[in-house]
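Have a look at the structure below, then the notes.
Protein chains: 2
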Amino acid sequence: MQLEFLGTGAGSPSKQRNVTSVALRLLEELNEVWLFDAGEATQHQILRTTIRPRKISKIFITHLHGDHIFGLPGLLSSRSFQGGNEPLTIYGPVGIKRFVLTALQVSESRLSYPLHFVEIDHDQVLFDQNGFKVTTMHLDHKIACYGYRIEEADHPGELLVDKLKADHVPSGPLYGQLKAGKTVTLPDGRTIDGHDYIGHPQPGRIVAIMGDTRKTKNAIILAQNADVLVHESTFAKNEAQMARSYYHSTSQQAAEVAKAAHVKRLLLTHISARYTGKAAYQLAYQVRDILPNTRVVNDFDVIDIPFNK
Amino acid sequence: MQLEFLGTGAGSPSKQRNVTSVALRLLEELNEVWLFDAGEATQHQILRTTIRPRKISKIFITHLHGDHIFGLPGLLSSRSFQGGNEPLTIYGPVGIKRFVLTALQVSESRLSYPLHFVEIDHDQVLFDQNGFKVTTMHLDHKIACYGYRIEEADHPGELLVDKLKADHVPSGPLYGQLKAGKTVTLPDGRTIDGHDYIGHPQPGRIVAIMGDTRKTKNAIILAQNADVLVHESTFAKNEAQMARSYYHSTSQQAAEVAKAAHVKRLLLTHISARYTGKAAYQLAYQVRDILPNTRVVNDFDVIDIPFNK
Ligand SMILES: [Zn+2]
Ligand SMILES: [Zn+2]
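Order-wise, the sequence lines are chains A and B.
For the first sequence, the tail end lands on 309 under UniProt numbering, and the numbers increase by one without skipping.
For the second sequence, the tail end lands on 309 under UniProt numbering, and the numbers increase by one without skipping.
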């Protein structure tokens with residue numbers, strides 16, 4: 001499980017940062033990639049990564065501003081052109097379907113795969129399947145905007161093979177029953193309980209990805225105990241008033257959300273073109289007293305999300 | 001007057017070529033830039049040039065395939081974001097207005113400038129003003145596709161100041177009357193005719209820009225005596241059958257059009273990603289026996305279009 005940032009800028013593309021898109025790589029877990037937002041030229045950014053468009057099975061849109069959706073029609077067309085056959089589902093605020101279908105209709109693009117839409121107009125659990133639960137809640141932006149919480153199911157404990165060997169339990173189909181937590185009788189007459197031979201379950205990982213927003217309570221709820229929170233930081237620590245009038249957040253507000261939610265790691269994105277080079281990194285340095293594990297991400301950064309030891 | 005190629009690829013973007021867009025720089029003539037097609041990430045390409053989006057006053061769309069229009073919404077939004085106030089007109093096949101307005105509405109983008117549309121459904125002179133006449137005719141593609149002929153008006157001859165001095169004609173307001181072709185009486189009593197002191201008029205330049213098309217008679221009409229013809233060459237010389245079934249042209253067909261139209265220079269674009277490096281240049285070499293002055297253009301190529309001596 002990794003996050004790969006395809007665009008980390010705000011509003012318009014710059015030479016340093018493309019407009020917003022981030023991929024959640026679930027290749028080991030599901031052999032899938034999920035995209036969050038798709039600003040213009042997201043497909044161009046993908047060309048420079050190892051991501052294959054046909055592996056993208058779900059696209060979650062936070063809100064309908066152009067810097068978050070104008071890359072969708074091109075990406076969907078190229079996924080088809082490159083022979084993608086697997087279905088793709090787009091989740092996003094009401095209006096996303098009209099935008100995408102109009103673009104595909106006008107351009108007479110016929111896709112080689114089924115395209116589904118789930119339009120969002122209230123807070124809800126979007127699905128809980130294949131070991132992943134995704135919840136969405138509204139945020140506080142100028143137009144309807146949603147954040148997403150992705151929760152991996154706990155992984156059951158591993159079978160303690162070394163302990164079984166030490167106790168001279170012969171290997172075979174028996175191991176499967178023990179792993180399932182059953183009590184079995186061995187050929188030598190002993191009766192043993194599978195629970196004694198299963199390690200601790202591994203807690204699933206939690207990723208929270210916000211859209212453009214003012215500091216808001218729902219972000220804290222979505223990010224509760226997350227391994228990683230991706231939060232916008234369009235403005236610097238001392239620009240709270242500007243942030244408020246433009247419906248955005250400062251780096252400090254993002255860090256406060258992360259701290260209140262007991263987040264392990266905060267990634268700041270949606271960086272204004274006014275902040276380049278060192279000035280951009282300052283956005284994170286300024287708030288490390290609030291949350292030490294904070295950084296500003298750049299286009300093409302890959303952030304690994306390991307299991308908790 | 002220059003052509004600046006912003007995207008020279010076919011269908012999908014590649015690392016080498018972006019999808020189609022070409023700018024006609026009329027900065028000296030009109031202080032304007034005209035764009036022909038705007039595939040996705042055209043605004044990103046523009047970032048790497050000296051073109052300012054607010055100088056773009058007209059955008060001509062050849063057809064509605066995604067690789068020719070998906071960059072429009074982002075470009076229009078950024079032009080606004082960057083403080084463009086001057087009106088902008090989009091010319092293109094019926095449907096272009098619906099596509100653009102839906103994208104702007106759904107994303108709640110409000111533009112800082114008036115946006116006009118001229119939807120095209122038949123061959124016509126689009127306008128003849130400020131020294132430029134633009135004619136459009138339909139081509140032969142899978143969907144409605146139009147080519148454009150841009151004709152600069154002839155420049156009147158220059159006043160021959162050296163000759164006036166040699167003939168001891170005193171400078172002053174008189175020069176203006178002579179330049180206008182009037183007959184004037186000098187202070188010393190001589191009567192002279194302005195026509196004797198005006199050089200040859202300079203013929204205006206002609207640029208013809210085609211969209212995706214099979215070889216077609218209208219391209220020859222639009223390109224008649226053009227200084228430069230921009231023609232697609234999605235396929236190589238020996239792939240006429242493929243070109244026909246996909247409604248495209250081979251390099252040979254493009255050269256035949258150029259030759260029949262007595263074009264001075266042929267620029268091949270809309271190059272398939274199957275042709276990279278030397279293979280792409282071969283598209284031009286293969287047809288130089290038909291039209292010697294032929295080349296394949298690349299992204300960011302700037303082609304000057306000088307006056308004819
Ligand atoms: Zn944004
Ligand atoms: Zn095309």
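Quick reminder that beta carbons are idealized off the backbone N, C-alpha and C, glycines included.
Remember, it's a predicted structure, so these values are computed and weren't measured experimentally.
Against chain B, does residue i count as a neighbour if the rule is that its beta carbon must be under 8 Å from one of theirs?
i	result
residue 103/A	yes
residue 15/A	yes
residue 98/A	yes
residue 323/A	It is not possible to answer for residue 323/A, since the shown part of chain A is limited to 1 through 309.
residue 35/A	no
residue 65/A	yes
Consult DSSP for residue i and reduce its assignment to one of helix, strand or coil.
i	result
residue 138/B	strand
residue 106/A	helix
residue 300/A	coil
residue 93/A	strand
residue 271/B	strand
residue 174/A	helix
residue 310/B	Residue 310/B is absent from the structure shown; chain B starts at 1 and stops at 309.
residue 116/B	strand
residue 99/A	helix
residue 47/B	helix
residue 244/B	helix
residue 232/B	strand
residue 257/A	helix
residue 158/B	coil
residue 282/B	helix
residue 76/B	helix
Could you list which residues in chain A have their beta carbon closer than 9 Å to that of residue i, in chain order?
i	result
residue 228/B	What residue 228/B touches in chain A: nothing, since even the nearest Cβ is about 28 Å away.
Note down, in chain order, each residue of its chain lying with its Cβ closer than 7 Å to the Cβ of residue i, except the 5 sequence neighbours on either side.
i	result
residue 396/A	The displayed coordinates of chain A run from 1 to 309. Any statement about residue 396/A would go beyond what the structure contains.
residue 70/A	39 and 40
residue 42/A	6, 7, 21, 71 and 75
residue 177/A	184 and 194
residue 197/A	159, 160, 163, 164 and 178
residue 288/B	294
residue 30/A	130
Does the beta carbon of residue i sit closer than 8 Å to a beta carbon anywhere in chain A?
i	result
residue 73/B	yes
residue 181/B	no
residue 47/B	yes
Tell me which same chain residues have a C-beta within less than 8 Å of the C-beta of residue i, skipping the five on either side of it?
i	result
residue 270/B	8, 9, 10, 20, 212, 232, 233, 234 and 248
residue 64/B	92, 93, 95, 96, 99, 143 and 144
residue 374/B	Absent from the structure is residue 374/B, since the part of chain B shown begins at 1 and ends at 309.
residue 273/B	9, 10, 11, 12, 14, 16 and 17
residue 236/B	250, 251, 275, 282, 283 and 286
residue 186/A	169, 170, 174 and 192
residue 268/B	231, 232, 233, 251, 254, 283, 284, 294, 295, 296 and 297
residue 53/A	43, 46, 75, 78, 79, 82 and 84
Residues of chain A with a CB under 7 Å from the CB of residue i: which are they?
i	result
residue 41/B	40, 41 and 44
residue 69/B	107
residue 12/B	78 and 81
At 8 Å on the CB atoms, spell out the chain B contacts of residue i, in chain order.
i	result
residue 300/A	The premise fails here: residue 300/A is roughly 14 Å from chain B at the closest Cβ pair, so nothing lies under 8 Å.
residue 95/A	106
Taking 6 Å as the limit between beta carbons, can you name the residues of its chain near residue i, skipping five residues before and five after?
i	result
residue 33/A	23, 25, 51, 55 and 56
residue 140/B	213, 214 and 216
residue 181/B	194 and 195
residue 103/B	73
I'd like to confirm something about residue i: is its beta-carbon nearer than 7 Å to some heavy atom of ligand 4, or not?
i	result
residue 270/A	Ligand 4 is not part of the structure shown, which contains ligand 1 and ligand 2 as its ligands.
I'd like to know whether the C-beta of residue i is nearer than 8 Å to at least one C-beta of chain E.
i	result
residue 184/B	Here chain E cannot be found, since the structure's protein chains are A and B.
Using a Cβ cut-off of 8 Å, which residues of the region 110 to 140 of chain A contact any Cβ in chain B, in chain order? When CB distances to chain B are screened at a threshold of 8 Å, not a single residue of the region 110 to 140 of chain A falls below it.
For the region 140 to 164 of chain A, list every residue whose C-beta sits within 9 Å of some C-beta in chain B, in sequence order. Across the region 140 to 164 of chain A, CB contacts with chain B closer than 9 Å involve 142 and 143, in sequence order along the chain.
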